[in-house]
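Trainee:
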Amino acid sequence: MENPKIGNLEAIAFFVIISINGILLSSSQFLVQQCSSSSLINALFVTIAVIAITFVFCLLLKNFVGNSLLDVSEFLGGKILKFIVGIVFIIYFICRVSFFLRKMSACLQILYYPMTNMIFIASLFCIAAGIIVSLKNNSIFKSAIVLLPILLATIVLVFIGNSKNFHFENIYPILGNGINATFFSGFSNVFAFCGLAYLFFLPSKLRNPEKLTKISIISVILSGIFLLFAVADILFIFGDVLNISELFPIYASVRRIEFGTFFQRLDAIFLLLCTLCFICTLSFNTYLITDILKNITNTSDSKPFIIPCLLIILGFALSIKQNSMLKFLENTFSKILFLILAIMVIFIILVSANIKKKMTGGKS
Amino acid sequence: MQFGVDAAKDGDNLEVSFEFAQLSSFSENSSSQDSKPIINTVSTPSISTAINLMNAYVGKQLNLSHCKVVIFSEEIAKKGILPEVAELMNNTQVRPTVNVIVSLGDAKDYIENSVSSLEQVLTKYYDIFPTTSEYTGYTSNILLGPLYEDLISKDHGAVTILGKKSKSAKQQESTSGESSSSAGGMDSSDSSGNSSNSQESGSNEASDSSTTDKTSIEDLLPNESIIEGDRGTENIGLCVFKDDIYVGNLSAMETLCYSLIKNEVDNFLISIDNPSNPTKKIDLSVDSRSLSKIDIDLSKENPVINIQLHLGAKVLTEHEDFDYNNAETLSTLNNSLRDYISSQMKSYLYKTSKEYKCDINGFHKFIKKSFLTMSDFKNYNWEQKYQNAEFNIKINSNVISSLLIQNSH
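So the protein lines, in turn, are chains A and B. Numbered per our numbering, the first sequence finishes at 458, counting up by one with no gaps. Numbered per our numbering, the second sequence finishes at 453, counting up by one with no gaps.
Below is the structure:
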């Protein structure tokens, strides 16, 4: 049975949860480390920048309503370009989710299962994702709709709960590590919105593909709100003394929340939500990778790809032995890949396809 | 559970004492004898090794997520506590909300004496005692996480809770020390340990006796015990750290000034001289009406720190020469209160800048808005500038009336 078409809410949840996962696990920490006290300005700046970029992309996609990036690539350069774009994005998605899998498994191992080999923790994630992707009936997207409001409410509650520990003066000096770090090199922090790379593979699956602009802008705004809250929480608590932690700093900040003497250790609930958010992200990635593989290989079912895909993700995640390597991969390598693929490649493909469409008068 | 860290008598090792609450003490039928906590001590190079050895000794894995308090001895504090604090921060089980105490004398000694007659469950006592800071201001709720950040910050001084043995514990110790030395028959390590303790307690006792005639809290020195009673320890005052080295203490009054600037105290009691009869004191219940305002002027060579406090007060003690219905009386009292707090604040602030040479109130955070970038701020060299800072205190106080009785005469 094929998956039915995705509704607007489901698509928004899909995009936002992927971005939230990246913000929680790595990009918020990186952003504060790079910009210091100006990280809130930088977060606002990149949110506006991503809204603008998304709007431009959606405008360019207006001539290809209901077509995914793969369809546009096929229109532009035939099956060869479609195949190349598909493979390149598969590699990107595998890399990205593998880094997160490694980080999430490492966090759980450090905190709760120090005696357990990481392979077991990572495998459990993969098994969960495998089952969800096999279920069909849009179960991934439906679970995302349930999880998204909880995650958004959680970050607001974390912010409120931590407010007594806040030092609002940490917002100064207003330009932090300088104009360059805040605005020019700081522009590269658009990679916090990693869901953007996934969005343009969705139009062919949307129930209302003509509403892609609306879906995209709402998703970016929701992700931006989450990013602002996350960055503000880290900045107001740790400020410029934020040290590089093996764990993600929002978790470290949640450890400080205590509502009286009864509600303590709320970090355990927070980590459970992060785990659920990561399972959703892993499922989305697996779903999308197998779908792209199905498209570029012209097979009728994506199910046979699920296990090999998860095994590759698992193998890649476990091949990263040192945390310093993981830090480099998730902050520098991922960022460069995102800027090249999600911004430049998508932009070039969309512009070229539009030019070709104008020149050929809309005939492929 | 809680644990204390002492410097071992031999070499660079640490002597880590673990205190475990008796599970039987949680039951209603438990007697005070049953509820005596278990204390085990191990000498190791680090806290992690001590925990590991203790795991082997007690035959089960200790869970430090239930640790409420960490106590460092004065000797360890003088060497620097950053390595130990960083080690604790690096432990996933130890929470950043653990309270940190520096004990004058041995940490083990502090733990042994730290029993509360009013609170049978020791862990509950450790849970609630730092909250007294909210209504007395004589201590502060110092947590491990923020302490670690203060210790690694170049511009920020750090403070911990000051713990010390109470008068009664010292007296008991000196009595038992005398009887045991006359009886003899102790092993060499014990006798050396006790002799050093008795020397210390002897000197402290001398200082204690010199304070018995003192009546106001600001006269009491921070390293002196204040209270005589059933409890063996007291947590009044704060320990000051520059970088991570212990440099001195804050008395109860100085701690109150620290808490007022930090907005950590809601309500406190203060005794001022009676304006019409300086030999008598007037007790006032003071409450903080709004957050303290801090404004730092960097235009001059040395920073000028302006602090504004908004306080409200009610008179607790009755005096026949005062009519609290009279606005002039209240105004006189108001001026006295303002002058008193202002002088105490100045004395405290100049002590931190001139004597301790560290900004424990975190004034550096307020000057950051005067700079555009972090590098500009770092170039200003706040750590050095603070030592020459000037302080202006403005108190907006309002003595309203007495509490319940307006005029009994």
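Beta carbons are placed, not taken as given, at the ideal position from N, Cα and C, and that holds for glycine.
Give the residues of chain A in contact with D420 of chain B, contact being defined as C-beta atoms less than 8 Å apart.
Mentor: Neighbours of D420 of chain B on chain A, chain order: P267.
Trainee: Considering only residues of the same chain and omitting the five flanking positions on each side of S254 of chain B, which have a CB-CB separation below 6 Å?
Mentor: Caution is warranted here: a pLDDT of 41 is assigned to S254 of chain B, below 50, making its placement in the model unreliable, and the coordinate value is therefore given only provisionally. Around S254 of chain B: no qualifying Cβ.
Trainee: Around the Cβ of D334 of chain A, are there at least 16 other Cβ atoms within 10 angstroms (buried) or fewer (exposed)?
Mentor: buried
Trainee: Counting contacts by CB-CB distance shorter than 9 Å, is R359 of chain A in contact with chain E?
Mentor: Within the model displayed, chain E is absent; protein chains A and B are what it includes.
Trainee: Excluding the five sequence neighbours on either side, which residues of its own chain have a C-beta within less than 7 Å of the C-beta of N161 of chain A, listed in chain order?
Mentor: If we look at N161 of chain A and ignore the five residues flanking it on each side, its Cβ neighbours are P297, S298.
Trainee: By DSSP, does N211 of chain A sit in helix, in strand, or in coil?
Mentor: coil
Trainee: For chain B, check one thing: does any of its Cβ atoms lie closer than 9 Å to the Cβ of R349 of chain A?
Mentor: yes
Trainee: Are the Cβ atoms of A238 of chain A and L376 of chain A separated by less than 9 Å?
Mentor: no
Trainee: In whole angstroms, what is the alpha-carbon distance linking I115 of chain B and I309 of chain A?
Mentor: Each residue's Cα considered, the two are about 55 Å apart.
Trainee: Just to confirm, is the Cβ distance from Q203 of chain A to I215 of chain A under 9 Å?
Mentor: yes
Trainee: If the criterion is Cβ atoms closer than 9 Å, does the pair S317 of chain A and V110 of chain A meet it?
Mentor: yes
Trainee: Near K198 of chain B, what residues of its chain come up, given a Cβ to Cβ distance below 7 Å and the 5 sequence neighbours on each side ignored?
Mentor: E427
Trainee: Give, in chain order, every unbroken run of the alpha helix (DSSP H) that is at least 4 residues long and sits entirely within the region 355-419 of chain A.
Mentor: 361-391, 397-413
Trainee: Note down the Cα distance separating K258 of chain A from M419 of chain A, rounded to an integer number of angstroms.
Mentor: 36 Å
Trainee: Taking a contact to mean a Cβ-Cβ separation below 9 Å, would you say G224 of chain A touches L382 of chain A in this structure?
Mentor: At the C-beta level, G224 of chain A and L382 of chain A stay beyond 9 Å of one another.
Trainee: Please determine, among A:V166, A:G272, A:I234, A:C288, the residue with the shortest C-alpha to C-alpha distance to I147 of chain A.
Mentor: A:C288
Trainee: For I444 of chain B, tell me which candidate among B:D403, B:I289, B:D331 has the shortest Cα-Cα distance.
Mentor: Taking I444 of chain B as reference, the option from B:D403, B:I289, B:D331 with the minimal CA-CA separation is B:D331.
Trainee: I'd like the list of long-range same chain contacts for G332 of chain A, defined as Cβ closer than 7 Å, with 5 residues on each side in sequence excluded.
Mentor: According to the sequence as given, residue 332 of chain A is Phe; it is not Gly. Same-chain partners within the cutoff: P343.
Trainee: List, from N- to C-terminal side, the alpha helix (DSSP H) runs of 4 residues or more that fit wholly inside the region 255-297 of chain A.
Mentor: 290-293
Trainee: Express the C-alpha separation of E434 of chain B and A397 of chain B in angstroms, rounding to a whole number.
Mentor: Ala is not the amino acid found at residue 397 of chain B; the sequence shown has Ser there. Going from the Cα of S397 of chain B to the Cα of E434 of chain B covers about 9 Å.
Trainee: Output the distance between the C-alpha atoms of A100 of chain B and Q137 of chain B, rounded to the nearest integer angstrom.
Mentor: 18 Å
Trainee: Take M45 of chain B as the anchor and find which of B:N307, B:D383, B:E59, B:S109 has the nearest alpha-carbon.
Mentor: B:S109
Trainee: Pull the bridge partners of N84 of chain B from the DSSP assignment, please.
Mentor: B:F62
Trainee: Can you give me the C-alpha to C-alpha distance between I442 of chain A and L306 of chain A, rounded to a whole angstrom?
Mentor: 19 Å
Trainee: Exposed or buried, what is L290 of chain A when buried is set at 16 or more other beta-carbons lying within 10 Å of its beta-carbon?
Mentor: buried
Trainee: Sorted by chain position, which residues of the same chain lie with C-beta nearer than 8 Å to G229 of chain B's C-beta, five sequence neighbours on each side aside?
Mentor: Here G229 of chain B scores only 38 on pLDDT, less than 50, and its place in the model should not be relied on; the value that follows carries that caveat. Here the set comprises nothing.
Trainee: Could you spell out the range, first to last residue, of the beta strand (DSSP E) harbouring D317 of chain B?
Mentor: 311-318
Trainee: Among B:F410, B:S117, B:S92, B:D288, which residue has its Cα nearest to the Cα of D341 of chain B?
Mentor: Comparing Cα-Cα distances from D341 of chain B to each of B:F410, B:S117, B:S92, B:D288, the minimum goes to B:F410.
Trainee: Starting from the C-beta of N448 of chain A, find all residues in its chain whose C-beta is less than 7 Å away, skip the five residues before and the five after it, and write them out in chain order.
Mentor: L154, N157
Trainee: Quick one: which residues of the region 187-207 of chain B get their C-beta closer than 7 Å to a C-beta of chain A? List them in chain order.
Mentor: G189, E193, I196, S197
Trainee: Can you have a look at F459 of chain A and say buried or exposed, based on whether 16 or more other CB atoms are within 10 angstroms of its CB?
Mentor: Any property of residue 459 of chain A remains undetermined from this structure, which presents chain A solely from 95 to 458.
Trainee: Within the 9 Å Cβ cut-off, does N392 of chain A reach chain B?
Mentor: Put simply, the CB of N392 of chain A is far from chain B, with every gap to its CB atoms at 9 Å or more.
Trainee: Could you say if the region 377-391 of chain B and the region 311-318 of chain B meet the contact criterion of at least three C-beta pairs nearer than 8 Å?
Mentor: yes
Trainee: When we look at the beta-carbon of Y292 of chain A and count the other beta-carbons within 10 Å, is it buried (16 or more) or exposed?
Mentor: buried
Trainee: Considering just the uninterrupted stretch of the alpha helix (DSSP H) at T93 of chain B, what are its terminal residues?
Mentor: Here the alpha helix (DSSP H) through T93 of chain B covers 91-102.
Trainee: Look up N293 of chain B in the DSSP assignment and give the residues it is bridged to.
Mentor: B:C283
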